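Numbering (our numbering), first residue to last: 356 to 671.
Data first, discussion second: the structure below is written as C-alpha cells.
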Ligand code: MTE
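This is how it looks when you write it as C-alpha cells:
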C-alpha cells in the first residue's frame, strides 16, 4: 500500500487552531473537574490533534507505514522515562504552545523564533524508514519541511561547519529529569555536519500521519535524519546553533565507544554489544518480524557521496 493523500488538504478543511486549543483546554478542564483522567493529563487521543495541510514528496518510500498505535505507543524519550511506554504515558503534560526556538551562533539573523514563524503553512509528507540503534525499525509518515530551508532563511555564515540542536529542560513537566536516577545529562543535545543538515532528506517534523506531532514523538518540532540511527533525531527542539566545532552529542557522551557522532545506519559495523546486520520490524508480528538492515538505512544512493573516502568503521 502506498500511503499518500490524493491531493493536498485545503486549509478550509483544517480545524482553526483556536478551536482546537479550546477543545484541548475543555478536555483538560473536564477531566480535572471529574477528578479522574481517562487519558494522561493533556494527552489527546488519535484524531484529536490538529490536522495539517500536507503535500506528497518524491522522497517518500512506498513501504507500508507502521500503525499509528505503534508509532505513538512505542517510543524513546528519556525525559519522560526509559520504558518504551513511558513517553505515551507521561508526555501529555508537556506544554508545547507557546514554543520558541533560539537560533544562534554563526547565522546572519540570530533570534528567538516563534514556532509559527518557522513552520510553513503547508508541510510535506515524508514517509521514511526509521531505524533505531537498538535494532528495531518502523516506517513513519512524517510531516515537516527541509531543515535547509530554515537555515537558508536565517543565513548560514561562511565558516560554519556544524549544526547543534538542544531539547528543552523542564523538570516540572518531564519526570525523567527529576529525582535521583538521571539516565542522561540534560539537555539532550545532538549535532550534524553542515552538509548533512543541508541534505534534502533532513527534515524538521511538526507532525505525523497528517496531524500535529504527539508529545511522545517530540512535539512541537523534532529533527528527522532517516539514514542515521534514531537517536540523532532529537525531539522537542528549543535551540539550533551554527558552529565551526563538532558539537558534543548526548549518547556519545553517555557511551563514547558505543555511539559515535556520525551514527550512520551501517549493517557492517556492529554495536559493541549486538549485531546491526538485522532489524526487528515493529508491528510485523512475532513470526518473520526481522529483515536485513540496509546501508544508510536504504538511503545509500542519496547520501553515500557525503561520506566518500571516509572510514565508516572509524567514524561510527
Ligand atoms: N530526543 C530526546 N530529546 N530525548 C530522547 O530520549 N530519543 C532518541 C530520539 N530523540 C530521544 C530523542 C531515540 S533513542 C530514538 S530511537 C528516537 O528519538 C525515537 O523516536 P520516536 O519515539 O518518535 O520513534
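All C-beta atoms, glycine included, are put in the ideal place defined by N, C-alpha and C.
No experiment lies behind these values; they were computed from the predicted model shown.
Through-space distance from residue j to residue i, alpha-carbon basis
| i | j | result |
| --- | --- | --- |
| residue 598 | residue 560 | 22 Å |
| residue 570 | residue 449 | 7 Å |
| residue 602 | residue 557 | 18 Å |
| residue 582 | residue 648 | 11 Å |
| residue 562 | residue 547 | 22 Å |
| residue 585 | residue 440 | 17 Å |
| residue 474 | residue 500 | 8 Å |
| residue 632 | residue 667 | 15 Å |
| residue 636 | residue 424 | 14 Å |
| residue 466 | residue 645 | 45 Å |
| residue 672 | residue 652 | There is no way to answer for residue 672, as the model of the chain reaches only from 356 to 671. |
| residue 386 | residue 543 | Confidence at residue 386 is low in this model, with a pLDDT of 37, below 50, so its placement is unreliable and no value can be given for it. |
Buried/exposed call for residue i, threshold 16 Cβ in 10 Å
| i | result |
| --- | --- |
| residue 533 | exposed |
| residue 529 | buried |
| residue 329 | Since the first residue shown for the chain is 356 and the last is 671, residue 329 is missing from the structure and cannot be characterised. |
| residue 567 | buried |
| residue 446 | buried |
| residue 471 | exposed |
| residue 627 | exposed |
| residue 540 | exposed |
Simplified DSSP state of residue i, which is helix, strand or coil
| i | result |
| --- | --- |
| residue 435 | helix |
| residue 655 | helix |
| residue 613 | coil |
| residue 646 | strand |
| residue 619 | strand |
| residue 531 | helix |
| residue 466 | strand |
| residue 511 | strand |
Endpoints, the alpha helix (DSSP H) within which residue i is located
| i | result |
| --- | --- |
| residue 445 | 441 to 445 |
| residue 608 | 605 to 609 |
Residue range of the beta strand (DSSP E) that includes residue i
| i | result |
| --- | --- |
| residue 421 | No beta strand (DSSP E) holds residue 421; DSSP gives it neither H nor E. |
| residue 498 | 491 to 501 |
| residue 471 | Where residue 471 is concerned, there is no enclosing beta strand (DSSP E), although the alpha helix (DSSP H) it sits in stretches over 470 to 473. |
| residue 408 | 408 to 410 |
| residue 458 | 455 to 460 |
| residue 479 | 477 to 486 |
| residue 518 | 517 to 522 |
| residue 707 | Here the chain comprises residues numbered 356 to 671, so residue 707 is not present and cannot be evaluated. |
- Task: Could I get the ranges of all uninterrupted beta strand (DSSP E) runs contained in the stretch 538 to 601, with 3 residues as the minimum, in chain order?
- Result: Correct list: 544 to 548, 558 to 563, 577 to 579 and 592 to 598.
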